[in-house]
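To keep things clear, I will list the structure first and then write my remarks on it.
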Amino acid sequence: MDHTAPFGLPLARRFAGDVVRLRLGLPVAPLVFADFVTFRCNLSCSYCGYARRGYARRYPELGTADALRVLEAGRRAAPSLAVSGGEPLVRDDIVVLLRHARSLGFRPITLFTNGLELPRREGVLDCVDFLQVSLDTLDEVVQDRLAGRPGTCRTVQDVVRRYAQDQAARGFRLHVNSVLGPDTLAGAPALVEFAARHGVRLTVCPELDDHGQPVPGLLVPETRTRYRAALDALIDDKQRRDVLLDTPHVLERLRALQPSACHPDLVARVYPDGTVPLPCPPRAAAWPNLLEGESWRALRAGAEGCDRPCPRPCLVPGPLTASMLVSHPFALLRERPRPGVRPCPTPASC
Ligand code: SF4
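Shown next, in the form of C-alpha cells:
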C-alpha cells in the first residue's frame, strides 16, 4: 500500500521547495488552493463569521463556467485543493466542479462540509481524497443550538457512521472537525471515542472570532483551565494512538492559544466571486479578482502592503498548520502512516 499516494508528487515537491525557500528567506509558494465555492449555508452556526457578516450577499458565487475557470487558475497556483464555504454541497454543480478539479490533477482534494446534503451528493465521494465533516460535540442539545437547526447532531452522526464504512472502497478518508468553544470542551473525550469507534480521524480548532483570535469566552480563567485540560487529554491521546489528525506541534500551539511564525502565502484563497483576499483574510491589504488577473502569482506579486510582518498573528487553521509543517518538516516523520487510502484510479472514473 502506498501511503503517500493521496498526497502526490507535485505536493511533495512543492513542500520540499518551500522548506528550502523558507530557510533561504525566499518567498514561499502555495501548497494548497483554498476555493470557497459559496458562502451560502444550510445552517447558521453561532460561531460562523461568514454568516454573521453577510458574506453570501457580499461575495455571490460564480456560475459553473467561471467556477471551473477559477479551478484552472487555482491549479496553476497550487498542487492541492481545499473546497469549502459556506456549505459547498448546497451548490447544485458541486460534483461537476470536483470532477473537473480531479481532471486538473489536484492532489489531494479535501472537501469541507457539514455533511447534511451528502446523501444527495454522493458523487463527490468519488472525487475527493479527504472529506472533513463538522461535528463539534455529540451533545444533541448543545450541537443543535450551535448549528441553529434541530436534528443536526443526530443527522451528522448518522452521516459519519454511514460514510465511514465507504472509505476504503471509494478511496477517501473521513475526518471529523470539532470547534472547541466554552460549550463543547466537555464533549471532546466522547468525540475522540466516537471517531476511534468509526475509524475516522478528529481534528480540532479553538473557537475564533472574526480576526482569527480566540473568542473572549475561552479566555475566562475557569474556561481557559478547562480548555488546557481538554488539549492535554488530546495531546496524551495523540501519543497513544492514531485518532487525532493534528500534529503534536499544532496541538501544543492550540493549547497555548499562541500562533507561531505565519507564512500566509502557503494557502492561496479565493472567495466565491473570484475575489482573492491578499495575503490572508484577517489582514487583507489587497482584494483583486482571480478572473481579472493573469494568475494568482501575478496578482500576489502586484499586491502592495502584503509583505509586512503580521501585526497580530491568528489561529486560523489552514495557514497555521501549513506554516508549522513547513517550519517543522521532520514532525511529519513521526506521524503514523494510514493504510487504506487508494488514489482515484483515473480522472474519468471520478
Ligand atoms: S497569522 Fe497568518 S493568517 Fe493569521 S493574520 Fe497573520 S499572516 Fe494572516
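Count along the sequence shown starting at 1, add 437, and that's the number in my numbering. Ideal placement from N, C-alpha and C gives every residue a C-beta, glycine not left out. Values in this document were obtained by computation on a predicted structure and should not be read as measured data.
Leaving aside the five residues that flank ARG663 on each side, the residues in its chain whose CB is nearer than 7 Å to its CB run, in chain order, LEU622.
Going by DSSP, LEU639 is part of the beta strand (DSSP E) stretching over 638–643.
Per the coordinates, the alpha-carbon of GLY542 lies some 48 Å from the alpha-carbon of PRO658. In the DSSP assignment, SER540 falls within the unbroken alpha helix (DSSP H) covering 531–540. Where VAL704 is concerned, there is no enclosing alpha helix (DSSP H), although the beta strand (DSSP E) around it starts and stops at 704–707.
Close CB contacts of ARG598 within its chain, under the 7 Å cut and outside five residues either way in sequence, are with HIS635 (chain order). GLY739 places its beta carbon 8 Å or farther from that of ALA722. Distances taken from the Cβ of VAL753 to the heavy atoms of ligand 1 include one shorter than 7 Å.
Distance from the CA atom of ILE672 to the CA atom of LEU688, rounded to whole angstroms, is 7 Å. Per DSSP, reduced to three states, the secondary structure at ASP683 is coil, with no helix or strand assignment. Closest in C-alpha terms to ASP530, from the list SER517, GLY511, GLU554 and LEU446, comes GLU554. The residue among GLU498, PRO464 and VAL456 with its C-alpha nearest the C-alpha of PHE767 is VAL456. Here HIS612 is bridged, per DSSP, to GLN569 and ARG638. Following the DSSP letters along the chain, one finds VAL520 in no alpha helix (DSSP H) but inside the beta strand (DSSP E) bounded by residues 517–521. In this structure, VAL641 and LEU656 do not form a Cβ contact; the two beta carbons are roughly 17 Å apart against a cut-off of 8 Å.
In the DSSP annotation of this structure, the continuous segment of the alpha helix (DSSP H) that includes PHE452 starts and ends at 446–461. Here the alpha carbon of LEU468 sits roughly 18 Å from the alpha carbon of SER540.
For PRO653, no pairing in a beta bridge is given by DSSP. For THR550, the secondary structure class from DSSP, reduced to helix, strand or coil, is strand. Three or more pairs of CB atoms, one per stretch, sit closer than 8 Å, so the region 554–566 contacts the region 518–528. No Cβ-Cβ contact shorter than 8 Å links ARG451 with ALA471. The beta-carbon separation of LEU448 and PRO516, rounded to 4 Å, stays under the 8 Å limit for a contact. Here the alpha carbon of CYS485 sits roughly 21 Å from the alpha carbon of ARG661. Within the same chain, Cβ atoms closer than 8 Å to the Cβ of MET761 are found at THR684, HIS686, VAL687, ARG690, SER697 and ALA768, the five residues on either side in sequence being excluded. Residue pairing by DSSP puts ALA723 in a beta bridge opposite LEU715. Between the beta-carbon of VAL507 and that of LEU727 there is about 6 Å, and that keeps the pair under the 8 Å contact cut. Taking the Cβ of ARG536 as the reference point, every heavy atom of ligand 1 lies at 7 Å or farther away. According to the DSSP assignment, ALA493 belongs to the alpha helix (DSSP H) that extends over 492–495. The C-beta of GLU498 has 16 or more other C-beta atoms within 10 Å across all chains shown, which makes the residue buried.
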